[in-house]
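Have a look at the structure below before the remarks.
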Amino acid sequence: DAGVIQSPRHEVTEMGQEVTLRCKPISGHNSLFWYRQTMMRGLELLIYFNNNVPIDDSGMPEDRFSAKMPNASFSTLKIQPSEPRDSAVYFCASSPSWGARGYTFGSGTRLTVV
Amino acid sequence: SQELEQSPQSLIVQEGKNLTINCTSSKTLYGLYWYKQKYGEGLIFLMMLQKGGEEKSHEKITAKLDEKKQQSSLHITASQPSHAGIYLCGAAGGQGRDDKIIFGKGTRLHILP
Chain A
50 DAGVIQSPRH
60 EVTEMGQEVT
70 LRCKPISGHN
80 SLFWYRQTMM
90 RGLELLIYFN
100 NNVPIDDSGM
110 PEDRFSAKMP
120 NASFSTLKIQ
130 PSEPRDSAVY
140 FCASSPSWGA
150 RGYTFGSGTR
160 LTVV
Chain B
2 SQELEQSPQS
12 LIVQEGKNLT
22 INCTSSKTLY
32 GLYWYKQKYG
42 EGLIFLMMLQ
52 KGGEEKSHEK
62 ITAKLDEKKQ
72 QSSLHITASQ
82 PSHAGIYLCG
92 AAGGQGRDDK
102 IIFGKGTRLH
112 ILP
């Protein structure tokens, strides 16, 4: 199993540009989570999906952030327009079922907005 | 909403020494997770505790959930350079109805050779 795959690993973009982060969960996992990690705020849950349906997006900071899961094997997190304060490491994680014990995390995307 | 407080925020110990990291919750814990993150990498699942008084071990790392289920401790015996990283505790939603895990801010552990 290849694990949770995120791309790109690193992204540097200019303020105002659109940024799209991608995630491929582990095959057969029904739940998918997007987190953001910064030194100041730690690891924050942005949004999560169950069976491709968004369940809770209360952690999405602003309307500039949007996430989709068009099928069971792919999800995107989009920021438009990006701002310097969006600079962080974004993690995707998946788990096999509702209430499963523990997630498998991807390696993250380090986003720098200049 | 539930909040997790980890202490200490950072820790520097000599190789071979024992250490303890604490995680305190503002609410009853229905599931407590411990993860380790190597610098610049993703999180690796260590163990999960559910029952009050439960204790689990993974190699030289032992974690315990107190009887009241509001505090957990993670203990490393005879620390090694490979133990260096960020340790995060996470709390599951209440009574198994909520799949999301909320994390503490982490404890940064450095091991001196």
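Note that the protein sequences, when read in sequence, are chains A and B. Going letter by letter, the first sequence gives residues 50 to 163 in my numbering. Going letter by letter, the second sequence gives residues 2 to 114 in my numbering. Built from N, CA and C at the ideal position, the CB exists for glycine as well.
With 16 other Cβ atoms within 10 Å as the buried cut-off, status of residue i
i                        : result
aspartate 112 of chain A : exposed
alanine 142 of chain A   : buried
glycine 65 of chain A    : exposed
valine 61 of chain A     : exposed
glutamine 86 of chain A  : buried
glutamine 7 of chain B   : buried
tyrosine 139 of chain A  : buried
leucine 113 of chain B   : exposed
histidine 59 of chain A  : exposed
lysine 69 of chain B     : exposed
histidine 84 of chain B  : buried
tyrosine 97 of chain A   : buried
alanine 146 of chain A   : It should be pointed out that residue 146 of chain A corresponds to serine in this sequence rather than to alanine. Exposed, because fewer than 16 other Cβ atoms sit within 10 Å of the Cβ of serine 146 of chain A.
tyrosine 36 of chain B   : buried
isoleucine 45 of chain B : exposed
glutamine 129 of chain A : exposed
methionine 48 of chain B : buried
tyrosine 1 of chain B    : Outside the shown range of chain B (2 to 114) lies residue 1 of chain B, about which nothing can therefore be said.
Partner residues on chain B for residue i, Cβ-Cβ distance less than 9 Å
i                       : result
glycine 77 of chain A   : Those within 9 Å of glycine 77 of chain A in chain B number zero; the least Cβ separation is about 16 Å.
tyrosine 139 of chain A : Within chain B, no residue comes near tyrosine 139 of chain A; the closest Cβ sits about 11 Å away, beyond 9 Å.
Neighbour list for residue i in chain A, Cβ cutoff strictly below 9 Å
i                      : result
glycine 105 of chain B : Gly91, Leu92
Range covered by the beta strand (DSSP E) that runs through residue i
i                         : result
leucine 50 of chain B     : 44-50
leucine 30 of chain B     : Element bounds for leucine 30 of chain B: n/a, residue is neither H nor E.
asparagine 99 of chain A  : 91-99
leucine 76 of chain B     : The amino acid at residue 76 of chain B is misidentified as leucine; the sequence shows histidine. Histidine 76 of chain B -> beta strand (DSSP E) spans 72-77.
glutamine 55 of chain A   : 54-56
aspartate 105 of chain A  : 102-105
valine 138 of chain A     : 137-144
alanine 64 of chain B     : 62-66
asparagine 120 of chain A : 114-120
asparagine 23 of chain B  : 20-26
isoleucine 103 of chain B : 102-104
tyrosine 84 of chain A    : 80-87
isoleucine 13 of chain B  : 11-15
valine 162 of chain A     : 158-162
glycine 53 of chain B     : Taken as a continuous stretch (DSSP letters only), glycine 53 of chain B belongs to no beta strand (DSSP E), as it is neither H nor E.
Rounded distance between the beta-carbons of residue j and residue i, thought under 8 Å
i                        : j                           : result
serine 156 of chain A    : glutamate 42 of chain B     : 6 Å
leucine 92 of chain A    : phenylalanine 82 of chain A : Leucine 92 of chain A to phenylalanine 82 of chain A, Cβ: 11 Å. No contact.
leucine 50 of chain B    : cysteine 24 of chain B      : So it is not a contact: roughly 10 Å between Cβ atoms.
threonine 153 of chain A : isoleucine 75 of chain A    : 6 Å
proline 119 of chain A   : valine 163 of chain A       : That belief does not hold up - the Cβ atoms of proline 119 of chain A and valine 163 of chain A are roughly 30 Å apart, past 8 Å.
glycine 151 of chain A   : tyrosine 31 of chain B      : About 14 Å separates the two Cβ atoms, so there is no contact after all.
glutamate 11 of chain B  : glutamine 71 of chain B     : Before going on, a small fix: residue 11 of chain B reads as serine here, not glutamate. At roughly 23 Å, the Cβ-Cβ gap does not stay under 8 Å, so serine 11 of chain B and glutamine 71 of chain B are not in contact.
Interface residues of chain B facing residue i [CB-CB closer than 7 Å]
i                        : result
serine 156 of chain A    : Glu42, Gly43
aspartate 105 of chain A : Lys101
Listed by chain order, chain B residues near residue i by CB distance under 8 Å
i                            : result
phenylalanine 114 of chain A : Those do not exist, as phenylalanine 114 of chain A stays about 17 Å from chain B at its closest Cβ, beyond 8 Å.
Proximal chain A residues relative to residue i, where beta-carbon distance stays under 7 Å
i                         : result
leucine 89 of chain B     : Leu92
isoleucine 102 of chain B : Tyr152
Residue i Cβ short of 7 Å to the ligand FAD heavy atom set
i                      : result
alanine 137 of chain A : Ligands displayed in this structure: none; no statement on the ligand FAD is therefore possible.
- [ ] Would you be able to state if there are at least three C-beta pairs under 8 Å between the segment 101-111 of chain B and the segment 74-92 of chain B?
- [x] Judged by Cβ distances under 8 Å, the segment 74-92 of chain B makes contact with the segment 101-111 of chain B, as three or more pairs qualify.
Task: Segment contact, 8 Å Cβ cut-off, at least three pairs: the segment 68-78 of chain B with the segment 20-34 of chain B - done: Inter-segment contact for the segment 68-78 of chain B and the segment 20-34 of chain B is present: three or more beta-carbon pairs are separated by less than 8 Å.
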